[in-house]
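Quick note on numbering: the sequence shown equals residues 328 to 542 in our numbering. Where is the CB? At the ideal position from N, CA and C, for every residue including glycine. As the structure is a prediction and not an experimental result, all values here were calculated from the model.
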Amino acid sequence: MIKAIIFDMDGVLLDTREANIVFFQREMERSGYGKIPRKLAAKGHTITMMDSVRLFTGERSEKRVKEIWQEWVSNAEDLYPSELVAVPSHVKYVLERLSKKYKTAIVTGRIRRWIGEFFKHANIKDSFDALVGFEDYKKPKPDPEPLLVAAKRLRVASNECIYVGDSKVDELAARAAGMKFIMYHGFSKTRTADHVSKANDFKDLLKIIEMMSKA
């Protein structure tokens, strides 16, 4: 029996792809590494900012990586192009419907302070029973730890949860956690196996979740 729906943030609740690309390019220039190509910057969309620092800078010193990460976090309020962030159509309606029947949570690689970006745009903070951000776990996705933390906070078993994500990393994390998974294609067209449930519109989630709950 499905008791909880857990959502990824970037790529599902928020279309942040373009904003993230611009931010990473700005920060690489500001940090003295030079502007990186869009294709490379786009890879930071599905990994944590810490891993993005490692990937983009090539730094091998963890001390230096953490220093750069802290600089980027501190600069985010001024340099992150929030005007490029978009929210899916029907998100408020869908979440309000789901929250009446299921427990709901957000699991993201964003630091908790940045989760506020979503609430600023969508104004639906009361729709979620738990928030899990970067500070709440040690091993990021595809490790199942972030999802297991969410299940624990929601007080449900992992096999009673559906995770909605937009990447292969999300799918792997859900499988490892023993959760059902829905690939959201509203902002991207990540390739997935035919057996994976897919939603092309946020409103489609209501029907798909209902079907999965009965299975």
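(message) Can you tell me whether D453 is helix, strand or coil according to DSSP?
(response) In the sequence shown, residue 453 corresponds to position 126, counting from 1. DSSP places D453 in helix when its eight states are reduced to three.
(message) Suppose you measure from the CA of A413 to the CA of D342; what does that come to, to the nearest Å?
(response) Translated into positions along the sequence shown, residue 413 becomes position 86. Translated into positions along the sequence shown, residue 342 becomes position 15. Each residue's alpha carbon lies about 5 Å from the other.
(message) Can you give me the C-alpha to C-alpha distance between L425 and F508, rounded to a whole angstrom?
(response) Taking the sequence shown and counting its residues from 1, the one referred to as residue 425 is at position 98. Taking the sequence shown and counting its residues from 1, the one referred to as residue 508 is at position 181. Cα to Cα, L425 sits roughly 16 Å from F508.
(request) Please list the segments of the alpha helix (DSSP H) lying wholly inside the segment 452-533, counting only runs of 4 or more residues, in order along the chain. (result) 472-481 and 495-504
(request) Mind checking which residues open and close the alpha helix (DSSP H) that includes A542? (result) Counting from one through the sequence shown, the residue named residue 542 turns up at place 215. Where A542 is concerned, there is no enclosing alpha helix (DSSP H), given that its DSSP letter is neither H nor E.
(message) Considering Cα atoms alone, identify which of M328, Y511, K534 and A346 is closest to E404.
(response) The count along the sequence shown starts at 1 and reaches residue 404 at position 77. For E404, the nearest C-alpha among the options comes from A346.
(request) Have a look at Q352, N450 and G436 and flag the residue whose alpha-carbon is nearest the alpha-carbon of T373. (result) The count along the sequence shown starts at 1 and reaches residue 373 at position 46. Comparing Cα positions, the closest option is G436.
(request) Drop a sphere of 10 angstroms on the beta-carbon of Q397, count the other beta-carbons inside from all chains shown, and report buried for 16 or more, exposed for fewer. (result) Against the sequence shown, residue 397 aligns to sequence position 70. The residue in question, Q397, is exposed, as its Cβ has fewer than 16 Cβ neighbours within 10 Å.
(message) Let's test the definition: count the other Cβ atoms within 10 Å of the Cβ of A478 and tell me whether it reaches 16, buried, or not, exposed.
(response) Here residue 478 refers to the residue found at position 151 when the sequence shown is read from its first residue. Its Cβ being crowded by 16 or more others within 10 Å, A478 is buried.
(request) Determine the direct distance from the alpha carbon of V418 to that of V380, and round the result to whole angstroms. (result) Numbered from 1 along the sequence shown, position 53 holds the residue referred to as residue 380. Numbered from 1 along the sequence shown, position 91 holds the residue referred to as residue 418. Approximately 31 Å between the Cα atoms of the pair.
(request) Use the C-beta contact count for P415: other C-beta atoms within 10 angstroms, 16 or more gives buried, fewer gives exposed. (result) Position 88 of the sequence shown, counted from the start, is the residue given in the question as residue 415. It counts as buried.
(message) Which of the three DSSP states is assigned to T384 in this structure?
(response) The sequence position of residue 384 within the sequence shown is 57, counting from 1. T384 falls in the helix class under three-state DSSP.
(request) Would you identify the three-state DSSP class for D378, choosing helix, strand or coil? (result) Position 51 of the sequence shown, counting from 1, holds the residue named residue 378. Of the three classes helix, strand and coil, the one that applies to D378 here is helix, per DSSP.
(request) Out of R439, A449 and W441, state which residue places its alpha-carbon closest to the alpha-carbon of E423. (result) Indexing the sequence shown from 1 puts residue 423 at position 96. Among R439, A449 and W441, the Cα nearest to that of E423 is on A449.
(message) DSSP three-state label for I433, please.
(response) Position 106 of the sequence shown holds residue 433. Here DSSP, grouped into helix, strand and coil, assigns I433 to strand.
(request) Determine which residues share a DSSP beta bridge with A413 and list them. (result) Start at 1 with the first residue of the sequence shown, and residue 413 comes out as number 86. A413 is bridged to D342.
(message) Output needed for E472: all residues of its chain with C-beta closer than 6 Å, excluding positions within five of it in sequence on either side, in chain order.
(response) Sequence index remark: in the sequence shown, residue 472 carries index 145 (1-based). Closer than 6 Å at the Cβ level, and outside the excluded window around E472, lie Y464 and K466.
(request) Compare the beta carbon distance of I333 and Y490 with 8 Å and say whether it is the shorter of the two. (result) The residue labelled residue 333 in the question sits at position 6 within the sequence shown. The residue labelled residue 490 in the question sits at position 163 within the sequence shown. Yes. Within cutoff.
(message) So, at 7 Å on beta carbons, what are the nonlocal neighbours of E498 in its own chain, with the 5 sequence-adjacent residues on each side left out?
(response) If you number the sequence shown from 1, residue 498 lands on position 171. These residues qualify, in order along the chain: G492, F508, M510, T519 and V523.
(message) Classify G460: buried if its beta carbon has 16 or more other beta carbons within 10 angstroms, exposed otherwise.
(response) By one-based count along the sequence shown, residue 460 stands at place 133. Classification for G460: buried.
(message) Quick check on the burial criterion: 16 or more other C-beta atoms within 10 angstroms. Buried or exposed for R391?
(response) Counted from its first residue, the sequence shown places residue 391 at position 64. Answer is exposed; the Cβ neighbour count stays below 16.
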